[in-house]
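In this text, residue positions in the first sequence follow my numbering: the first is 663, and each later residue adds one.
From the three backbone atoms N, C-alpha and C, an ideal C-beta is built for every residue, glycine too.
Please read these numbers as outputs of a predicted model, since none were measured by experiment.
Right, one structure below, let's go through it.
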Amino acid sequence: MNDAKEPSSSNSNFSNEFQSSQQMDWLRVQDSLKGKLITEDDFKWRLPTREKEGSCEILKYVGGVDLSFSKDDSSIACGTLVVLDLTTHKVVYEDSSIVRLHIPYLPGFLAFREAPVLLELLDKMKNNAHCFYPQLLMVDGNGLLHPRGKFCFGLACHIGVLADLPTVGVGKNLHHVDGLTQSTVRELLQAADSPKHVLLLIGDSGCTWGVAMRSSEGSLKPIFISVGHRISLATAIEIVRMTCRFRVPEPIRQADIRSRERLRNNQ
DNA sequence: GCGACAG
DNA sequence: ATCTTGTCGC
């Protein structure tokens, strides 16, 4: 009875080793991409709210990306890209792609699972020189707010660097970082008398990772905003606030709704 | 050692 | 991420 094969256990040794060597590769990739990261405003447009001398282009087209998953087969996903016109608050572009994912979700490595589909959608639009190509992209997932923050970063930074696009990370849950937890942050946000409902996320190390923000009056639960690429935290906050009809900023919310819808009607 | 851990 | 209905309220 001893020689009974335990496929799951003998497998998991190999599988675990494979997984950790895979993760070491991923850490190197994140580290190398981080060398290209820009964490201050670096774009040629300006916010519509900010008056300024000179005639420069105004931020008008804001993109949002998200993935939804099949309830039956969790490896089937629909990635969606939408672009919102800030002046009309309407969706002016939508594209999506249903794919089979071969990479599992591992905390800290979301980008390796989700970025490829989304980058393809962006690429397609750029290659067509589409006139609504986003000037900025909001990503469902964190940017600099990452548990191994010194040399790593999240999905929003990953996409920003690879697409060379200004990006903002928006999380609906806090990825525990540097002593910050969801419950303590929520308490602090309640206690804070910040009129803008914003709390700087400063970790035990003194590092500022992003902010927690009550984005709409209705919701006690905050969203977590962090710098993605080619943008400062202050600008990121301003743009997120500008696009929040509800708790989740509209570009991401629309991408979420539409990707879920497409998955329902198409598989 | 154990639990926690974006989507 | 996904499983899940109605319900209270502006």
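C-beta contact flag for residue i and residue j at 9 Å
i	j	result
D703	T897	yes
R909	S730	no
L748	P710	yes
M875	I864	no
A739	V724	no
F813	L806	no
C819	L689	no
Reference residue i, options the options, closest by Cα
i	options	result
L721	V727, R712, F680	R712
V860	H751, R924, E879	E879
V745	D735, P911, D693, G872	P911
I919	Q685, T742, G868, E715	T742
A917	R708, I765, G726, K858	G726
Exposure label - residue i; buried when at least 16 CB within 10 Å
i	result
G831	buried
E900	exposed
V750	Just to set this straight, residue 750 is Thr in the shown sequence, not Val. That one is exposed.
M787	buried
R892	buried
Expected contact under 8 Å - CB spacing of residue i and residue j to nearest Å
i	j	result
K706	C718	6 Å
N804	G841	Going by Cβ atoms, the distance from N804 to G841 rounds to 16 Å, so no, they are not a contact pair.
D757	L799	13 Å between Cβ atoms; not a contact.
V801	L817	6 Å
L781	I821	6 Å
S938	W871	Because the chain is modelled from 663 through 929, residue 938 falls outside the range shown and cannot be assessed.
P809	H837	6 Å
Residue i - DSSP class collapsed to helix/strand/coil
i	result
V910	coil
D693	helix
R922	helix
F813	coil
K883	coil
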